[in-house]
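S.K.:
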Amino acid sequence: MMQKFVKAALFVWLTGCAQTLLAQNPLTSSPAFPERGQEVTITYHAGSPGAKIPAGAKNISLVFTYSTFYELPYKLPLVQHGNDWSVTFKLQRYATFATFYVQSDNIIDKPADNKHYNIAVYTNGKRVENGYLHEAYSLSAQMGRSALVHDMQRQLLQTELENYPDNYEAKIRLITNGIAGTKDAAEKKKLYEQGEQMIAGYFAQAPTVMGRINKVTMGYLILGENSRVDSVHRVVVNKYPNSDAAMDLLTEIVNKEKDTTKRIIKLEQALKTAKDPRGDGAKSLHSDLFDYYAARKNAPKALYHARFFRNDTSPHRARTLKEIAETLTKNHLAPDTALKYAGQALAIVDTYPVGIIRYFPEFGYIPAYVADSTRAKQVGMARASLLSIAAINHISKGHTITAIKEADEAVTLSDDKQTLNNIAWVYERQHQPEKAFNTYWKILLKEPGDSLALKASRKNYQAYKGSADGYKERLAELEKIQKQQMTRLVKKELLNLPGPQLLAITDLQGHPLDKESLKGKVVIMDFWATWCVPCMEELPYLQKVYTKYKDNPRVVFMVINSGSKNTLADAQNWAKQHSNYTFPLFYNGDSNIGDKVGFNLIPTIAVLDRSGKMQLRTIGFEGAVLEQKLSAGIDLLLEGM
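Residue numbers (my numbering): 33 to 673.
1) Using the rule of at least 16 other Cβ atoms within 10 Å of the residue's Cβ for burial, across every protein chain shown, is Val657 buried or exposed?
2) According to the Cβ coordinates, are Ala306 and Met279 closer than 7 Å?
3) What is the C-beta distance between Asn195 and Arg244, in whole angstroms, given that I count them as a contact (C-beta under 8 Å)?
4) Quick check: what's the CA-CA separation for Ala435 versus Arg407?
5) Ser62: which of Ser136, Gly79, Thr120 sits nearest, CA to CA?
6) For the beta strand (DSSP E) containing Gly396, list its first residue and its last residue.
7) Under the three-state reduction of DSSP, which class applies to Leu53: helix, strand or coil?
8) How big is the Cα-Cα spacing for Val629 and Leu534?
9) Starting from the N-terminal side, write out each stretch of the beta strand (DSSP E) that is 3 residues or longer and does not extend beyond the region 366 to 396.
10) Specify the secondary structure class of Leu188 as computed by DSSP and reduced to three states.
11) Go through its chain and collect everything with a Cβ distance to Ile389's Cβ below 6 Å, but skip five positions before and after it.
12) Using 10 angstroms around the beta-carbon of Tyr373, count the other beta-carbons present and answer buried if the total reaches 16, otherwise exposed.
13) Can you name the start and end residues of the beta strand (DSSP E) that Lys107 belongs to?
14) What residue ranges within the region 497 to 547 form continuous alpha helix (DSSP H) runs of no fewer than 4 residues, ordered along the chain?
15) To which residues of the same chain is Gln376 closer than 6 Å at the C-beta, ignoring the five residues directly before and after it?
16) Please report the Cβ distance between Lys421 and Ala370, rounded to the nearest whole angstrom; I am assuming they are in contact, meaning their Cβ atoms lie under 8 Å.
17) Rounded to a whole number of angstroms, what is the C-alpha to C-alpha distance between Ala55 and Gly82?
18) Looking at the structure shown, is Ser61 part of a helix, part of a strand, or coil, going by DSSP?
19) Cutting at 7 Å between CB atoms, please list the residues of its own chain near Met34, excluding the five before and the five after it.
20) What's the call for Asn454, buried or exposed, on a 16-neighbour Cβ count within 10 Å?
21) Should the region 168 to 178 be called in touch with the region 560 to 568, which here means at least 3 C-beta pairs below 8 Å?
22) Ends of the beta strand (DSSP E) at Asn209?
23) Flag this pair as yes or no: are the beta carbons of Asn620 and Ser643 separated by less than 7 Å?
24) When you compare only the Cα positions, how much space is there between Ile625 and Leu452?
25) DSSP state of Glu161, grouped into three classes?
26) Using 10 angstroms around the beta-carbon of Asn598, count the other beta-carbons present and answer buried if the total reaches 16, otherwise exposed.
27) Roughly how many angstroms lie between the CA atoms of Glu466 and Gly498, to the nearest whole one?
28) Buried or exposed for Pro66, please, with buried defined as at least 16 other CB atoms from any protein chain shown within 10 angstroms of its CB.
29) Which residues in the same chain as Pro309 place their Cβ atom closer than 7 Å to its Cβ, once the five residues preceding and following it in sequence are excluded?
30) Any idea if Ile24 is buried or exposed, counting beta-carbon neighbours within 10 angstroms, 16 or more meaning buried?
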């Protein structure tokens with residue numbers, strides 16, 4: 033009976049929503065069977081039958097919930113044409129599948145509560161390889177922890193393999209789907225053995241091809257056998273020691289050796305036995321040896337090894353050149369050569385890598401979408417860093433006028449701490465204490481507790497003023513300026529959105545959230561998970577803010593385990609192991625909480641004002657600035673804005 037129900041539910045999910053779309057048609061997509069390289073146009077008919085967004089909407093966006101269209105932003109604004117809103121974009125050479133919903137302010141339109149719109153990619157009318165596989169991956173984003181996900185994923189994986197029988201990843205995923213779907217220990221063991229045999233056979237076909245090795249380790253990770261990753265790497269290194277792959281993997285193994293001298297010996301020995309000591313596989317060996325010899329102030333050997341990886345032809349080339357110049361400068365080696373590398377990096381700094389850059393053997397390098405403003409800022413910071421490096425080396429060569437010119441330009445481009453320290457050093461060496469003080473002051477505006485910057489700023493203040501008179505007043509002014517700056521920043525980010533419905537929030541004892549306790553309060557909600565590394569990095573800063581406001585009756589903190597890959601028991605166990613955190617912990621059981629709050633990754637902080645409106649939302653870990661920013665936001669909302 034249950035099996036018939038699941039099959040019926042699958043049929044309704046796969047076909048019912050499509051029939052509804054045909055009948056009511058709030059959204060259209062063309063062409064019907066889009067191919068890579070073609071343009072796709074998505075049109076939303078606001079106010080049409082079945083459309084949740086009315087005709088008078090002021091803005092409408094397409095929001096991707098799962099996507100392999102890596103070079104597109106996760107949110108695309110639609111352009112208005114009367115009551116129709118549309119967006120057009122080209123499918124990339126690697127595109128396979130994407131899901132999305134349409135949003136206008138707090139109104140979200142999707143075909144059903146557990147189904148999003150989608151774009152499937154075809155070739156000659158047939159879904160491209162990995163299309164159904166990636167659709168299977170998308171189900172958790174669409175359906176949360178629905179009981180139907182497991183069987184739907186199985187059906188999609190089987191369809192993928194019917195179309196592409198050699199799809200290794202789909203085969204492994206189908207096996208793990210079977211493991212998750214059975215309680216029979218013997219059956220689980222049989223499936224694990226089947227998976228291990230499949231991975232071993234795949235590995236044996238090309239054991240020295242790096243792309244193949246990465247897929248082998250991925251297979252073991254999918255099976256949950258994380259410890260096998262090191263084993264695979266050791267097999268390659270020990271059995272095929274002269275291969276490029278072995279050279280590439282050796283550094284990972286050697287770096288576990290605590291004695292630096294022993295590391296150097298092992299790396300040098302590996303180069304002697306390498307099939308091609310100048311080849312791609314040996315680049316990682318040369319890179320590590322460059323770092324080790326530079327740290328030991330052995331310029332000839334450091335420069336020798338730099339020659340073998342400096343001609344990086346990947347999108348990372350500008351960063352590679354910058355890092356060589358940086359390392360030489362930090363260790364006070366070869367200023368002429370450091371200047372050469374810095375100059376080469378400056379010449380191509382506009383190509384400096386920003387954001388995630390993926391690599392697939394079949395498609396090459398794929399850069400993720402990065403906003404123009406973010407790219408411009410990061411490139412500007414790289415340019416400033418390189419100018420500061422050049423300035424230090426020009427000082428070493430006695431080229432003081434050039435050094436000051438470079439420092440003056442760099443200080444206008446970046447507030448990066450290391451760059452500012454470089455610039456301040458140049459000014460100090462050239463006896464320009466006022467410029468040095470102003471540079472250290474920029475550091476203090478971001479990190480008021482930096483003891484070295486405080487000491488240096490005081491020294492340079494006294495040098496150019498003739499005494500320390502007035503310095504204490506400047507420090508008091510600093511605190512005021514910082515608060516004003518952060519308040520202005522927070523005001524620009526106010527959202528004024530309706531607060532999310534909190535339908536399934538409990539404390540860690542399982543008691544439902546008392547929503548009445550939130551009325552009239554500024555509410556800080558932090559969404560996290562036990563496996564999330566950035567979440568763990570964020571929590572110490574969150575604790576500091578909580579400690580500051582915990583006695584304020586108008587402020588409520590809710591540190592909510594998002595429920596993503598976590599159970600209530602997971603959250604409870606984590607709390608027992610981390611008793612140093614004293615903020616109130618909660619658990620979310622609503623699979624659609626991300627849609628309601630407006631996030632698709634964690635950590636996410638959402639702040640509600642005293643009327644219940646969502647005013648602030650921070651997606652991802654922003655670093656130490658969180659402490660100042662969140663405090664400024666709370667103060668602003670307490671004051672009523």
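Cβ coordinates follow ideal geometry from the N, Cα and C atoms, glycine included.
M.R.: Once the coordinates are examined:
1) Taking the first residue of the sequence shown as position 1, residue 657 is located at position 625. Val657 should be labelled exposed.
2) Sequence index remark: in the sequence shown, residue 306 carries index 274 (1-based). Sequence index remark: in the sequence shown, residue 279 carries index 247 (1-based). Yes; because the gap between Cβ atoms is below 7 Å, this pair is in contact.
3) Here residue 195 refers to the residue found at position 163 when the sequence shown is read from its first residue. Here residue 244 refers to the residue found at position 212 when the sequence shown is read from its first residue. Contact doesn't hold; Cβ gap of about 22 Å is too wide.
4) Here residue 435 refers to the residue found at position 403 of the sequence shown. Here residue 407 refers to the residue found at position 375 of the sequence shown. Roughly 26 Å between the two C-alpha positions.
5) Along the sequence shown, one-based indexing puts residue 62 at 30. Residue Thr120 is the option with its Cα nearest to Ser62.
6) Here residue 396 refers to the residue found at position 364 of the sequence shown. 396 to 399 is the extent of the beta strand (DSSP E) around Gly396.
7) Residue 53 sits at position 21 when you count from the first residue of the sequence shown. In this predicted model, Leu53 has a pLDDT of only 42, less than 50, meaning its place in the structure is not dependable; the value taken from the coordinates is given anyway. If DSSP states are grouped into helix, strand and coil, Leu53 belongs with the helices.
8) Here residue 629 corresponds to residue number 597 of the sequence shown, with the count starting at 1. Here residue 534 corresponds to residue number 502 of the sequence shown, with the count starting at 1. Rounded to the nearest angstrom, the two C-alpha atoms are 9 Å apart.
9) 389 to 392
10) What you label residue 188 is simply residue 156 of the sequence shown in a count that begins at 1. DSSP places Leu188 in helix when its eight states are reduced to three.
11) Taking the first residue of the sequence shown as 1, we reach residue 389 at position 357. Closer than 6 Å at Cβ, skipping near neighbours: Pro347, Tyr397, Pro399.
12) Within the sequence shown, the letter at position 341 stands for residue 373. Looking at its Cβ environment, which holds 16 or more other Cβ atoms inside 10 Å, Tyr373 is buried.
13) Against the sequence shown, residue 107 aligns to sequence position 75. Here the beta strand (DSSP E) through Lys107 covers 107 to 109.
14) 503 to 524
15) To locate residue 376, count along the sequence shown from 1; it is residue 344. Counting only Cβ-Cβ distances below 6 Å, and skipping sequence neighbours, we find Leu353.
16) As a first step, residue 421 is located in the sequence shown; it is residue number 389 there, counting from the start. As a first step, residue 370 is located in the sequence shown; it is residue number 338 there, counting from the start. The sequence shown places Ile at residue 421, not Lys. That pair is a contact at about 7 Å.
17) If you number the sequence shown from 1, residue 55 lands on position 23. If you number the sequence shown from 1, residue 82 lands on position 50. The predicted position of Ala55 is uncertain, since its pLDDT is 45 and thus under 50; a value taken from the coordinates is nonetheless stated next. The straight-line gap from Cα to Cα measures roughly 9 Å.
18) Position 29 of the sequence shown, counting from 1, holds the residue named residue 61. Strand, per DSSP.
19) As a position in the sequence shown, residue 34 is number 2, starting the count at 1. Any reading at Met34 is ruled out, since the residue's pLDDT is 45, under 50, leaving its predicted position unreliable.
20) Against the sequence shown, residue 454 aligns to sequence position 422. That one is buried.
21) no
22) Position 177 of the sequence shown, counting from 1, holds the residue named residue 209. Looking at the DSSP string, Asn209 is not in any beta strand (DSSP E); the run it does join, the alpha helix (DSSP H), is 200 to 212.
23) Taking the first residue of the sequence shown as 1, we reach residue 620 at position 588. Taking the first residue of the sequence shown as 1, we reach residue 643 at position 611. For Asn620 and Ser643, no; Cβs fall outside 7 Å.
24) Position 593 of the sequence shown, counting from 1, holds the residue named residue 625. Position 420 of the sequence shown, counting from 1, holds the residue named residue 452. So the alpha carbons of these two residues sit roughly 41 Å apart.
25) Here residue 161 is taken as the residue at index 129 of the sequence shown, counted from 1. Looking at Glu161 - three-state DSSP - the assignment turns out to be coil, as it is neither helix nor strand.
26) On the sequence shown, residue 598 is found 566 positions in, with the first residue counted as 1. Buried, since its Cβ has 16 or more Cβ neighbours within 10 Å.
27) As a first step, residue 466 must be located in the sequence shown, where it is residue number 434. As a first step, residue 498 must be located in the sequence shown, where it is residue number 466. Each residue's alpha carbon lies about 11 Å from the other.
28) Position 34 of the sequence shown holds residue 66. The residue in question, Pro66, is buried, as its Cβ has 16 or more Cβ neighbours within 10 Å.
29) Indexing the sequence shown from 1 puts residue 309 at position 277. For Pro309, where only same-chain residues beyond five positions count, the Cβ hits under 7 Å are Leu303.
30) Since the first and last residues shown for the chain are 33 and 673, residue 24 lies out of range.
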